[in-house]
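All remarks here apply to the structure that follows.
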Amino acid sequence: MQTIQVESEELLTIDQVSMIVDIPVSTIRKYCSRYRDLLALKRGENNALLFSKASVQVLVKAKDLTGQGIKPAAIKRLLLTGSKSKPGNVVNGAEEVVSISDEDGYPPVGQLDQLDTINQNQVMDIQMVKRNLETHLAEIELKFIEKLSSLHFENAALKDKTSLLEEKIQERDQEYQAEKSKLEDEILLLKEYRHADQHHTSELVKKLWENEKAISEIKASQGLWATLKRWFGLSK
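Numbering (the working numbering), first residue to last: 1 to 236.
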């Protein structure tokens with residue numbers, strides 16, 4: 001079982017601890033509430049929680065024991081049993097914090113340095129992915145702007161074509177209305193001619209009937225005259 005001196009030890013924030021040991025921040029806060037007397041918790045700016053590497057080791061073992069289905073009270077007893085002393089004791093002028101034994105495969109504090117290196121590499125990878133995403137998003141945004149600009153010009157050209165088409169439709173409509181008015185005038189004139197022709201035809205028919213009647217009368221008188229001539233011996 002190890003004892004860690006924290007005089008010059010780098011303290012970790014709750015977000016860093018969560019990333020290193022893969023424990024959600026909400027779960028870490030729950031562990032801090034349950035096992036506060038086993039953790040050498042400190043406060044930083046804005047009263048933020050700070051963790052020593054020994055405290056991180058306590059969280060790791062608490063997580064593993066919880067995963068085995070052990071109840072919090074039993075976990076606390078196991079953690080106390082595995083500790084040489086409680087946090088806050090002073091040994092040789094330095095603060096002594098809880099340390100967990102390296103038994104049962106739990107990582108010793110020395111391995112947390114490797115976790116820090118891994119964490120830094122992960123951060124670098126995340127930053128690289130972030131930069132790649134930002135570059136990709138910038139390219140997408142540029143293409144979107146170019147497409148939007150192209151659509152703007154196409155829309156302007158379409159508006160111009162639509163305006164020209166509307167003008168042509170208006171001109172054609174005016175021509176149609178003028179032609180329609182002209183045809184209506186011609187139809188009206190033809191109706192007047194037809195009416196006049198009908199009246200003239202009626203007059204002609206009437207005159208023809210009168211002429212036929214006169215001819216019939218003349219023929220009748222001629223027949224009578226011939227008969228009289230025959231009667232009086234005047235015919236040759």
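For glycine and all other residues, C-beta sits at the position ideal for the given N, C-alpha and C.
Computed from a predicted model, the values in this text were never measured in an experiment.
- Cβ contact annotation for K143 (same chain, cutoff 8 angstroms, sequence separation greater than five): none.
- Under the three-pair Cβ rule at 8 angstroms, the region 10 to 26 counts as touching the region 38 to 57.
- When the Cα atoms are used, K206 and Q222 turn out to be separated by approximately 24 angstroms.
- Sequence-distant Cβ neighbours of I126 in its own chain, meaning closer than 7 angstroms and more than five residues away, do not exist here.
- When the Cα atoms are used, A62 and C32 turn out to be separated by approximately 10 angstroms.
- As a beta-bridge residue in DSSP terms, K42 pairs with L50.
- Under DSSP, T13 takes part in a beta bridge, and its partners are L50.
- Secondary structure at Y35: coil, using DSSP grouped into helix, strand and coil.
- The DSSP-derived three-state label of I215 is helix.
- Taking all protein chains shown into account, I28 has 16 or more neighbouring C-beta atoms within 10 Å of its C-beta and is therefore buried.
- Cβ neighbours of R34 within its own chain (closer than 6 angstroms, five residues either side excluded): P72.
- Taking the Cα positions, Q68 is about 10 angstroms away from I75.
- When the beta-carbon positions are compared, L38 and L80 come within less than 8 angstroms of each other.
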